Every structure is written in structure tokens, then in C-alpha cells.
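These notes are about the structure you will find just below.
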Amino acid sequence: LKIDSSSILYSTDSNGAMKAVVVHREPLTKRFLTSRVSFCYIFVALCNAVVLLVPLFVSFGNGEEFWIKHSTYREQPQTKFLYKFIMVMDTFSSLNGKKMELFISTIDEYNVLRPESVRMSMIEVNEERNERNGLLDAFTVRAEVPLENGEVVKRIQSFLIFDFRLQKRVRLDTDVLVYAATESSLSPISGYDSDGQLILRQSDPFSSHVADRKTAAYEPILSNEAEANATNTFKFADILKTYRARTVAADYVTEYPILHHDFSPDDENRAFQMRMKVKIPQQTIRYIPTLVEVLKDAWIKYLSVVIVCWYLMDAIKSFVFKHHLFNSTILT
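Counting in this note's numbering, the sequence shown runs from 71 upward without gaps.
As C-alpha cells, this is what we get:
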């Protein structure tokens, strides 16, 4: 084994002799002995009891729950537009004052329910996806509804249906409703423009236990074709009441919607322009933690106080034994 002496650091004195170098350091340990039946032994037992018990009282009595009952995490849901779009427009004619309802839909089963009010329109959809994870970040729908001469739009209602999934700590697969409505009593509406976010709404935390991590299922927002033909009706109020009663849903929170009033009822080649942008941000998901998570959180809370108590009690014991406040035998 060859060792290059030039790579070893050492120092010499003025005579060239090599000095000693500290390569390891250990503290000198003193042991204090005493009888089990003594004030010294009782004092040490009390100090140990303080280290173990005081953190429990501090952890339980600080105003927070020692055992967590729910927790949160962040997740961007996997969303997919189901190409189910419905818009209902309340109009009247400035020529004869006749009121009429226009029905615009991409669902054939519902178009046949109102053949007299269906208005053929141009509908365009655009998706914006995250390049890193491929998830849908935003969705934009545009609708252009042609209006007849003298037709005035006073109120609109529209909604879109999305598939909404959570896949990490909890499992959820359901359809959600994006709803928007506006009206104007002063002047005709020529367009509606809104930007908003799809925000998850929970009545209770989700369960994250393995046995309970089943996909939550809910009745579809829209009836199937057979039910639609049987009822022969479509009412926004009934759909909204049913959706509002859900324990898990997602709400479309708009950010300063804009109404346009750009033309008069007598203009020709008029069309109502509607634009809705739905952003899909990361959601804060509330869930019931597993037993391992509960114990881990409780242990961290307890240990953080134990360390402080242990340091204080160790300083007190060092002071007591250093100044020989109790009788004991010292061994080094």
C-alpha cells in the first residue's frame, strides 16, 4: 500500500517535530449511583415522568385534536367533456310581443321533446391540455344562435356535462354539471361571455381505507332516452334540485361574466354569441386518513414536545447532580 505523504495534512513546531492532531473526541462520562429508596431516586423518577406525561397533556390540551379525524391533499381531477350541452333562451318578438323559448342542444333525445322550439346553431368546443401530465386544464365552448327579425333575448340558461374522476388517495367517478344563467330586463342581450373554475364540493370527507376505496357512483344528471320519452319534459329546475342534493358535486364558479348589448332588434343577420370557458384547477380534497397516518401525525405531535421536555429535564438534572443537591456516589 503506497500513501502519498504530500496529500496528508499535519503541522510541525519550530524545531520541525510533528505535533499531535485531534482525530476523535468523546465526552468524559460520570455515573451517579444511589439507592432505590432515596430522594435522589425519586427526583430522577419524577423527571422521567415529566418527560413522558407532560407532552401528552400539552398535545391534548392545546386546542387542537390529537387524533386527526380528516386530512386534505391536492389533486387535479381527470375531466372529460361528454359533449352534452343544452341552452335554453327566453325571447320575445319586438314586432308582435310574442314570447318564445329557444332550445339548443347536442342531445338528440331531448331535441325531439321540443321540436317547435329547437333552433339549429353552430357549436364549437376547444380543449386545453397540460403538456406534462395530459390532463384537461381548460375547456371552451362557443355557440352561435341565429335570431329572427325582431327577436330579442332576455334570459339564457345553459349547462354542460363533464366526467369527473379522482384517482390518488380516494376514488371518485361521476358526472358533474357546469351551469350558467343570466338575464337582462333593460336591453336585449346579444352575447354572453364567462370564465370560471370547476370547484369540487363535498358534504363529508372521502374514505381512504382500502376496503372503502370503491368508485363512488351517482345517478346520471340527465335521464336516458327511454326516461326522456316517457316523461316528455325537460326542466332546468328539476335537474338543478337533484344535482344540488348531491353530497359530492362540482360547481362552476364564474369570474365576472360579461353581457353584450351590441345590436338592435331590427338588425338583419343577427346571431346570439355565447362563450363559456371552464378551468380545471387542482382541488383540495378532504378525506378520512388511514390508521397509519393518524398514528404518524400523533407521534410527531408527541415527540416534538418530548424533545423539549427531555432537554429541559436533562439540564435540571445536570445542575442538581453537579452541585450535589442529593447524596449519590460518583463513578468515572
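Just so you know, even glycine gets a beta-carbon here, dropped at the ideal spot from N, CA and C. Note that the structure is a prediction, hence the values are computed from the model and not measured.
Name the DSSP bridge partner or partners of residue 368? The partner list for residue 368 (beta bridge, DSSP) is empty, contrary to what the question assumes.
I need the DSSP call for residue 99, collapsed to helix, strand or coil. coil
Which of the three DSSP states is assigned to residue 205 in this structure? coil
So the alpha helix (DSSP H) residue 254 belongs to, where does it begin and stop? Premise fails: residue 254 is in no alpha helix (DSSP H) and is neither H nor E.
Cβ-Cβ separation, residue 249 to residue 226 (assumed contact under 8 Å), whole Å: The Cβ separation is near 11 Å, so there is no contact.
Based on Cα-Cα distance, which residue from 139, 154, 246, 161 lies nearest to residue 271? 246
Proximity of residue 397 and residue 110 at Cβ, strictly below 8 Å: yes
Which residue or residues does DSSP assign as beta-bridge partners of residue 316? Bridge partners of residue 316: none, in fact.
How many Å lie between residue 418 and residue 220 at the Cα? Residue 418 cannot be examined here, being either before or after the span of the chain that is shown, 71 to 402.
So, with DSSP's three-state summary, where would you put residue 168? coil
First and last residue of the uninterrupted beta strand (DSSP E) at residue 228: 221-236
Taking only the alpha-carbon atoms, compute the straight-line gap between residue 180 and residue 350 and give it to the nearest angstrom. Answer to the nearest angstrom: the Cα atoms are 28 Å apart.
From the DSSP output, which residues share a beta bridge with residue 216? 341
In this structure, does DSSP put residue 177 in helix, strand or coil? coil
Using the DSSP secondary-structure output, state which residues sit across from residue 194 in a beta bridge. 212
Evaluate contact between the stretch 122-142 and the stretch 372-379, counting only Cβ atoms and requiring at least three cross-stretch pairs below 8 Å. yes
Between residue 158 and residue 136, which are expected to be in contact by the criterion C-beta below 8 Å, what is the C-beta distance as a whole number of angstroms? Taking a contact as a CB-CB distance under 8 Å, the pair residue 158 and residue 136 does not count as one, their CB atoms being some 53 Å apart.
Stretch pair the stretch 233-241 + the stretch 147-157: three plus CB contacts closer than 8 Å: yes
May I ask you to list the residues that DSSP assigns as paired with residue 142? 356
For residue 140, which residues of its own chain have a beta-carbon under 8 Å away from its beta-carbon, when the five flanking residues on both sides are left out? 275, 356, 357, 358, 359
The alpha helix (DSSP H) spanning residue 129 covers which residue range? 109-130
Can the beta-carbon of residue 238 be found closer than 8 Å to that of residue 145? For residue 238 and residue 145, yes; Cβs fall inside 8 Å.
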